[in-house]
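See below for the structure under consideration.
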Amino acid sequence: MPVQVGGSKVAEPRARVELSPTAVADKGRASSKKIRRRRQKASAALSRSPMQMLFDTSREIFSASSPGFVAPPDAVARLSGILNDLKPHDVGVDSSMPYFKHADSKVPPRVTYLHFYDCPKFSFGIFCLPKSAIIPLHNHPGMTVFSKILFGSMHLKSYDWANSPPENHDIALENSYGARLAKVNTDAVFDASSETVVLYPENGGNLHCFTALTPCAVLDVLGPPYNRADGRDCAYYDESPYLIGGDEQYSWLKEVPTTFEMKGIQMPRKFSVSA
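In structure tokens, the structure reads:
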């Protein structure tokens with residue numbers, strides 16, 4: 682029990698416990714096993730391909746995804762970090778591939794989608810855009826989307842639906858033509874040095890369009906993915922600017938039919954992932 686020394690309590694020294702040689706050996710073996718397990722886990726993590734790491738992290742983060750799902754900030758940062766580190770060779774693409782060429786000037790450049798994986802919880806793949814190719818303004822209903830440019834540069838314009846009219850503007854959020862008011866979220870050029878762009882079900886630029894300034898590749902992770910049967914079909918929009926002055930920008934967006942089509946290609950097995 683503690684003893685009193687100069688007004689302070691000091692614990693009595695504990696008796697020394699002597700371990701038998703057998704106990705010492707057992708303790709040493711247990712410690713060695715723990716060290717080996719740690720090393721095996723570390724080695725397994727290092728041996729995973731970048732795409733396998735992307736898959737494993739996406740599966741974990743989107744395991745509970747449903748329409749409107751938003752991952753917590755630390756999970757968003759973790760997945761964004763993996764995407765930020767990806768290089769074109771990690772995913773088997775480079776600008777010399779035919780998907781990034783456009784020889785016929787009489788027709789618009791065609792976008793190709795390289796499919797890696799999809800399930801009810803998430804999907805990911807790469808959009809390949811020749812120079813001047815456009816992915817028209819479209820939405821991502823109930824989805825969280827991570828987009829990372831792997832090479833090239835593109836112009837990104839994105840919107841979020843307006844929740845209230847612009848200040849000092851007494852207007853309805855939907856006009857008589859069926860167009861809805863949307864506020865510009867992003868209007869800028871991005872390239873491979875840009876960090877991952879994340880859009881959410883209700884903000885962050887849920888409606889966006891891409892215009893390739895050079896041949897470029899962008900990897901998208903979506904959770905949950907598009908699913909027409911579940912009401913998550915892709916809609917396309919025309920935009921008409923609504924001028925208000927100042928720094929904020931708004932447009933009227935009206936859903937329109939579209940003839941936009943992409944060519945879909947399954948990636949080779951060597952770049953596949955293990956579920």
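For the sequence shown, our numbering begins at 682 and goes up steadily by one. Where a beta carbon is used, it is the ideal one built from N, C-alpha and C, also for glycine. As the structure is a prediction and not an experimental result, all values here were calculated from the model.
Residues bridged to residue i (per DSSP)
| i | result |
| --- | --- |
| TYR917 | HIS819, VAL937 |
| GLY885 | Answer is none; GLY885 lacks a bridge partner. |
| TYR840 | VAL865, LEU888 |
| CYS809 | THR793, ALA898 |
| ILE830 | VAL899 |
| GLU855 | ARG861 |
Cβ distance (whole Å) where residue i is taken to contact residue j below 8 Å
| i | j | result |
| --- | --- | --- |
| VAL899 | LYS838 | No, VAL899 and LYS838 are not in contact; Cβ-Cβ is about 14 Å, not under 8 Å. |
Simplified DSSP state of residue i, which is helix, strand or coil
| i | result |
| --- | --- |
| PRO922 | strand |
| ALA726 | Bear in mind that the predicted position of ALA726 carries a pLDDT of just 44, short of 50, making it unreliable; the figure below should be weighed with that in mind. Note: ALA726 maps to helix in three-state DSSP. |
| GLN733 | helix |
| GLN721 | With a pLDDT of only 49 at GLN721, under 50, the local geometry of the prediction cannot be trusted, and no value is derived from it. |
| ASP785 | coil |
| ALA893 | strand |
| SER761 | helix |
| ASP755 | helix |
| VAL774 | coil |
| SER739 | helix |
| ASP911 | helix |
| ASP928 | coil |
CB of residue i within 9 Å of CB of residue j, strictly
| i | j | result |
| --- | --- | --- |
| VAL870 | LEU764 | no |
| PRO906 | SER804 | yes |
| SER776 | PRO790 | no |
| ASN844 | ASN887 | no |
Cut-off 7 Å between Cβ atoms - residues of its own chain near residue i, not counting five sequence neighbours on either side
| i | result |
| --- | --- |
| ILE742 | ALA752, ALA756, LEU760 |
| PRO817 | CYS890, TYR917, THR939, PHE941 |
Cut-off 6 Å between Cβ atoms - residues of its own chain near residue i, not counting five sequence neighbours on either side
| i | result |
| --- | --- |
| ILE852 | PRO846 |
| GLN947 | HIS796 |
| GLN685 | At GLN685, the pLDDT of 36 sits below 50, so the modelled position is not reliable; the number obtained from the coordinates is stated separately. Excluding positions up to five away in sequence, the list is empty. |
| GLU876 | ASN765 |
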